[in-house]
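Below you'll find the structure, written out as structure tokens, and then a few comments.
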Amino acid sequence: MDFRLYHDPGDTFLPKLDTAKGGGKSADYQWNYALVAAWSGLLSPADRIQWDVSPGAMGNVESYPANLAELRGFYGLDTGRDPGKGYALNPRTGQPYAPNMVPRGDFTRTAARYWAEGPNHETATGHWLTLLHYVSDQPGLTKKINGKGEPVNDLEWDVKSCFLLGGALHDAAIAAWGVKGWYDSARPITALRYMASRGQCTNPQEPSYHPAGIPLLPGRIELIKKGDPLAGPKNKNLGKIKLFAWKGPYAVADSTVDVAGAGWILAENWHPYQDKAFVTPPYGGFVSAHSALAHAGAEALGWITGDPFFPGGLGEYTIKADSRFLEHEKGPSVDVTLQWATYRDAADQAGLSRIWCGTEAPFDDISGRIIGAEVGKSAYQFARTYFFKDRDKDGVLSDEDKNDWDAGVGGN
């Protein structure tokens with residue numbers, strides 16, 4: 062089977078596990094998937110940790126990692142977050158964003174579910190078409206193509222904005238799936254269970270050591286020792302790996318009343334935050350299609366509106382407490398409002414959500430973000446040729462050429 066690479070990320074962000082000796086990029090591979098396991102332990106509101114998830118405290122990521130080593134400073138293994146510090150002020154109102162405090166476990170579960178796809182749900186592309194319609198309905202939006210010229214009517218706006226966004230999303234999907242097919246990487250459920258089956262790679266003096274094992278992280282990834290409740294009958298699980306993680310869909314008997322929560326489980330039983338009948342996508346994680354689609358969509362929305370910010374400097378979506386929104390368990394326990402200042406902030410959250418839910422690793426996410434942004438920029442440059450004219454044939458389209466009737470005058 063042939064896979065065309067229109068945006069080849071190369072192997073800069075693709076770690077490989079040496080299953081015999083370790084070494085090379087094995088440590089990066091092990092760290093990335095260990096982080097997925099650690100973040101899985103955040104999917105419970107019972108830990109009582111509160112996050113301010115307003116744009117005043119989240120978003121506004123200034124730059125992305127340039128290589129595998131920089132991922133460790135970007136994704137907080139202990140914090141469950143990226144380095145975004147938010148915005149001091151809403152640039153459209155001139156006022157600070159109001160705090161939005163919610164339990165961390167409710168936010169991570171809700172964000173994971175909001176950005177999910179699968180049976181009876183929007184696709185990853187569908188999310189961004191929904192966001193476009195949300196933006197188009199906001200009273201703060203003036204419907205000027207790229208924020209320039211005179212406002213257009215609703216029909217012209219809908220046709221042109223859907224044309225651009227739909228094209229950008231299709232291009233991003235083609236780019237992402239070409240990479241997935243060519244590199245054919247693992248998903249966390251495969252990588253984590255495999256590494257745990259080999260043992261731990263942290264200390265050669267400890268039991269169950271193997272260079273292709275999983276790193277030990279106190280309080281998150283540990284060995285099962287004598288006296289451990291998970292040791293089992295006749296200590297049959299002694300020396301195995303345990304994870305402090307979401308307990309999985311089989312811990313939920315009735316999704317209308319039960320919450321799986323987080324706790325110590327056998328690593329061999331680890332499960333992403335997905336329904337038991339839709340465990341994990343059956344194709345490679347590298348690169349993240351969610352991230353590629355999201356960032357292509359964010360670029361397209363920013364260009365068609367002429368503004369990287371949502372109308373009024375704020376986009377939001379509210380999920381009511383105990384609304385069955387999570388589907389495979391009860392929750393959220395409180396009302397949760399997802400908020401974003403910019404389209405890129407929403408795209409960044411989409412990428413993080415795939416790590417919180419355990420279907421992708423950091424290196425999948427960041428590569429997808431980069432490709433998606435490139436695709437989005439290319440898409441709107443292509444779409445411009447349909448939206449604007451070059452009457453004087455000087456190579457400058459009318460959205461930038463103020464003298465488009467006179468080739469002798471030039472661009473602006």
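For the sequence shown, the numbering used here assigns the number 62 to the initial residue and increments by one for each residue that follows.
The C-beta atom is built at its ideal place from N, Cα and C for all residues, glycine as well.
Looking at the unbroken alpha helix (DSSP H) that takes in L225, where does it start and where does it end?
For the purposes of this step, residue 225 is taken as residue 164 along the sequence shown, with counting starting at 1. First-last of the alpha helix (DSSP H) with L225: D215 to Y244.
Apart from the five residues on each side of it in sequence, which residues of its chain come closer than 7 Å, Cβ to Cβ, to R259? Start at 1 with the first residue of the sequence shown, and residue 259 comes out as number 198. Closer than 7 Å at the Cβ level, and outside the excluded window around R259, lie H271, A273 and G274.
Going by Cα to Cα distance, which pick from Y441, Y94, K438 and A88 is closest to T517? The displayed coordinates of the chain run from 62 to 473. Any statement about residue 517 would go beyond what the structure contains.
TODO: Have a look at A159 and R430 and give me their C-alpha separation to the nearest angstrom.
DONE: What you label residue 159 is simply residue 98 of the sequence shown in a count that begins at 1. What you label residue 430 is simply residue 369 of the sequence shown in a count that begins at 1. Their Cα atoms are separated by approximately 28 Å.
Q) In chain order, what residues of the same chain lie with their CB nearer than 7 Å to the CB of G83, ignoring the 5 residues before and after it? A) As a position in the sequence shown, residue 83 is number 22, starting the count at 1. The answer, listed in chain order, is C262, P272 and A273.
Neighbourhood of T186 by C-beta distance below 6 Å, restricted to the same chain and skipping five residues each side: Position 125 of the sequence shown, counted from the first residue, corresponds to residue 186. Counting only residues of its own chain and dropping the five nearest sequence neighbours on each side, T186 has a CB closer than 6 Å to the CB of L230 and L354.
Any chance the segment 359 to 369 sits against the segment 197 to 211, with 3 or more Cβ pairs inside 8 Å? With the cut-off at 8 Å, the segment 359 to 369 and the segment 197 to 211 touch.
### Message
Can you confirm whether the segment 445 to 454 touches the segment 236 to 244 when touching is taken to mean that 3 or more C-beta pairs between the two stretches lie within less than 8 Å?
### Response
As far as the Cβ criterion goes, the segment 236 to 244 does not touch the segment 445 to 454, which means the pair count is below three.
Quiz item: What is the DSSP secondary structure of M256, reduced to helix, strand or coil?
Solution: Mapped onto the sequence shown, residue 256 falls at position 195. Residue state, collapsed to three classes: helix.
Q) Counting only runs that start and end within the segment 292 to 380, where is the alpha helix (DSSP H) found for 4 or more residues in a row? A) Within the segment 292 to 380, the complete alpha helix (DSSP H) runs of at least 4 residues are 350 to 366.
So, using beta-carbon positions, are S414 and A173 closer together than 8 Å?
Residue mapping note: residue 414 aligns to position 353 of the sequence shown, counting from 1. Residue mapping note: residue 173 aligns to position 112 of the sequence shown, counting from 1. Going by C-beta atoms, S414 is nearer than 8 Å to A173.
CB of A444 within 8 Å of CB of F305, strictly
Reading the sequence shown from its first residue, position 383 is the one you call residue 444. Reading the sequence shown from its first residue, position 244 is the one you call residue 305. Going by C-beta atoms, A444 is not nearer than 8 Å to F305.
* **Cutoff 7 Å; reference N161; Cβ partners in own chain excluding five residues on either side** => Position 100 of the sequence shown, counted from the start, is the residue given in the question as residue 161. The residues are D113, V114, S115, T398 and Q400.
**Message:** By alpha-carbon positions, which one of P423, D460, Y67 and V457 ends up nearest to N128?
**Reply:** Numbered from 1 along the sequence shown, position 67 holds the residue referred to as residue 128. For N128, the nearest C-alpha among the options comes from P423.
Practice problem: Check whether the Cβ atoms of N121 and K146 sit closer than 8 Å, and answer yes or no. | Solution: As a first step, residue 121 is located in the sequence shown; it is residue number 60 there, counting from the start. As a first step, residue 146 is located in the sequence shown; it is residue number 85 there, counting from the start. Cβ distance < 8 Å, so N121 and K146 count as in contact.
- Euclidean distance between Cα positions of Q111 and S384: Taking the sequence shown and counting its residues from 1, one reaches residue 111 at position 50. Taking the sequence shown and counting its residues from 1, one reaches residue 384 at position 323. Straight-line measurement puts the Cα of S384 at about 20 Å from the Cα of Q111.
Please report how far the alpha carbon of R281 lies from the alpha carbon of G374, in whole angstroms. One-based indexing of the sequence shown puts residue 281 at position 220. One-based indexing of the sequence shown puts residue 374 at position 313. One C-alpha to the other measures close to 38 Å.
- Buried versus exposed, by CB contacts within 10 Å (16 or more), Q156: For the purposes of this step, residue 156 is taken as residue 95 along the sequence shown, with counting starting at 1. Counting Cβ neighbours within 10 Å, Q156 comes out exposed, since fewer than 16 surround it.
Let me know if D167 comes out buried or exposed under the rule of 16 or more other beta-carbons within 10 Å of its beta-carbon.
Counted from its first residue, the sequence shown places residue 167 at position 106. It is buried - the Cβ of D167 has at least 16 other Cβ atoms within 10 Å.
- Kindly indicate which three-state DSSP category T403 falls into: helix, strand or coil? By 1-based counting over the sequence shown, the position of residue 403 is 342. DSSP places T403 in strand when its eight states are reduced to three.
Q. Thinking C-beta only, is L193 closer than 8 Å to L362?
A. Taking the first residue of the sequence shown as position 1, residue 362 is located at position 301. Taking the first residue of the sequence shown as position 1, residue 193 is located at position 132. Against a cut-off of 8 Å, the Cβ pair of L193 and L362 comes out as a contact.
| request: Would you grab the beta carbon distance between L253 and W331 for me? Rounded to a whole angstrom, and I think it's under 8 Å. | output: As a first step, residue 253 must be located in the sequence shown, where it is residue number 192. As a first step, residue 331 must be located in the sequence shown, where it is residue number 270. The C-beta distance from L253 to W331 rounds to 5 Å, short enough to fall under 8 Å.
ask   = From V395 to D319, what does the alpha carbon distance come to, in whole angstroms?
value = Start at 1 with the first residue of the sequence shown, and residue 395 comes out as number 334. Start at 1 with the first residue of the sequence shown, and residue 319 comes out as number 258. Pairing V395 with D319, the inter-Cα distance amounts to about 15 Å.
* Closer than 7 Å by C-beta to M119: which residues in its own chain qualify, once you throw out the five before and the five after it? Chain order, please. => Mapped onto the sequence shown, residue 119 falls at position 58. Here M119 has G145 and G147 as same chain residues with Cβ atoms under 7 Å from its own Cβ, once five neighbours each way along the sequence are excluded.
Task: Which residues DSSP lists as bridging Q91, in chain order - done: As a position in the sequence shown, residue 91 is number 30, starting the count at 1. In the DSSP assignment, Q91 forms no beta bridge with any residue.
Taking 7 Å as the cut-off, does the CB of P116 come closer than this to any heavy atom belonging to the ligand GTP? Absence of the ligand GTP is noted for the structure shown, with no ligands found whatsoever.
Within 10 angstroms of the Cβ of M256, are there 16 or more other Cβ atoms? Answer buried if so, exposed if not.
Along the sequence shown, read from residue 1 onward, the residue named residue 256 stands at position 195. Taking a 10 Å sphere around the C-beta of M256, we find 16 or more other C-beta atoms and assign the residue as buried.
Check your understanding: With respect to the beta strand (DSSP E) encompassing D113, which residues constitute its N-terminal and C-terminal limits?
Key -> Taking the first residue of the sequence shown as position 1, residue 113 is located at position 52. Run containing D113: Q111 to D113, per the beta strand (DSSP E) assignment.
- Taking DSSP as the reference, what is the three-state secondary structure of L75? Numbered from its first residue, the sequence shown carries residue 75 at position 14. In this structure, L75 counts as coil in the three-state DSSP scheme.
Practice prompt. Would you grab the beta carbon distance between G419 and Y334 for me? Rounded to a whole angstrom, and I think it's under 8 Å.
Written response: By 1-based counting over the sequence shown, the position of residue 419 is 358. By 1-based counting over the sequence shown, the position of residue 334 is 273. Sure, about 6 Å apart at Cβ, within 8 Å.
*Does DSSP put Y270 in a helix, a strand or coil?*
Within the sequence shown, the letter at position 209 stands for residue 270. Here Y270 sits in strand by DSSP.
Task: One or two residues paired with E479 in a DSSP bridge - done: With the chain running from 62 to 473 in the structure shown, residue 479 is simply not present.
Checklist entry - Alpha carbon to alpha carbon, how far is H356 from P70? => result As a position in the sequence shown, residue 356 is number 295, starting the count at 1. As a position in the sequence shown, residue 70 is number 9, starting the count at 1. Near 15 Å, if we compare the C-alpha coordinates of P70 and H356.
Which same chain residues end up closer than 6 Å to G324 when comparing Cβ atoms and leaving out the 5 residues on each side of it in sequence?
As a position in the sequence shown, residue 324 is number 263, starting the count at 1. Counting only Cβ-Cβ distances below 6 Å, and skipping sequence neighbours, we find K308.
Counted within 10 angstroms of its Cβ, other Cβ atoms place K303 as buried (16 or more) or exposed
Position 242 of the sequence shown, counting from 1, holds the residue named residue 303. With 16 or more Cβ atoms within 10 Å of its Cβ, K303 is classed as buried.
- request: Look up P164 in the DSSP assignment and say whether it is helix, strand or coil.
  value: Position 103 of the sequence shown holds residue 164. Here P164 sits in strand by DSSP.
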